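> Encoded as structure tokens, here's the structure I'll be asking about.
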């Protein structure tokens, strides 16, 4: 069980372990280098291993910081390489030539980084603009839907306000008609009010028709009693 845990941990962090071993090897090779080429290549090996380790940890968060770390490690490695090369080889001309190559390499690396940074900024600006346009379009669609709901609700309430008095007046007329039929008595005032209520209904004076129908029904009840 203990061995399985160790194997599991090694398998999980195999990239980090490999990077660390490669970095140690790179440092040993730098120390034992006798010329600038071998020292530089050795330290690039070290820097690359750290780059892999950092990329493994940060690739989903900030790959620009990983590139900067790699550049700094490479700069440091080249500096150490020059020191070891100058110690082992005092030829100033070869050292100057190596320094020129070093400057060209760093310039290319820096320009590459700037290009990557510009590309990254353009990508995020484009992404932000696209997101902003989509947000505005979504907000406009939402407002249009809400306004349509409000208009529909307003129209429904207006129609309901028109229909409600009509329905109530019609119910009162039906009740008054029922009273007339069931009473079997002739109440002239009630009949007259009932007829007026029907006329008001046809003229769409629903409130007045409701009042007349209610009065007609009350008169029919009184006449019935």
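In my numbering, the protein residues as written are 3 to 227.
Even glycine gets a Cβ: it sits at the ideal position worked out from N, Cα and C.
Only a predicted model underlies this, so the values are computations on that prediction, with no experimental measurement involved.
With a threshold of 7 Å between beta-carbons, can residue 194 be considered close to chain D, or not?
Among the protein chains of the structure shown there is no chain D, as only one such chain exists.
> Given this structure, state the Cα-to-Cα distance separating residue 194 from residue 215, to the nearest angstrom.
If I take the Cα positions, the gap works out to 10 Å.
> Verify whether the separation of the beta carbon atoms of residue 209 and residue 199 is less than 7 Å.
Taking 7 Å as the Cβ cut-off, residue 209 and residue 199 do not qualify as a contacting pair.
> Grab me the residues of residue 177's own chain with a C-beta within less than 8 Å of its C-beta, minus the 5 sequence neighbours each way, in chain order.
Excluding sequence neighbours, residue 177 sits near 215 and 219.
> Between the alpha carbons of residue 150 and residue 143, how many angstroms are there, rounded?
So the two alpha carbons sit approximately 10 Å from each other.
> Inspect the beta-carbon positions of residue 221 and residue 173 and report whether they are closer than 7 Å.
Contact: no.
> Suppose the cutoff is 7 Å on Cβ atoms and the five residues either side in sequence are ignored; what does the same chain contact list for residue 202 look like?
Within the same chain, residue 202 has close Cβ partners 210, 211 and 214.
> Using DSSP with H/G/I as helix, E/B as strand and the rest coil, what is residue 217?
Three-state result, residue 217: helix.
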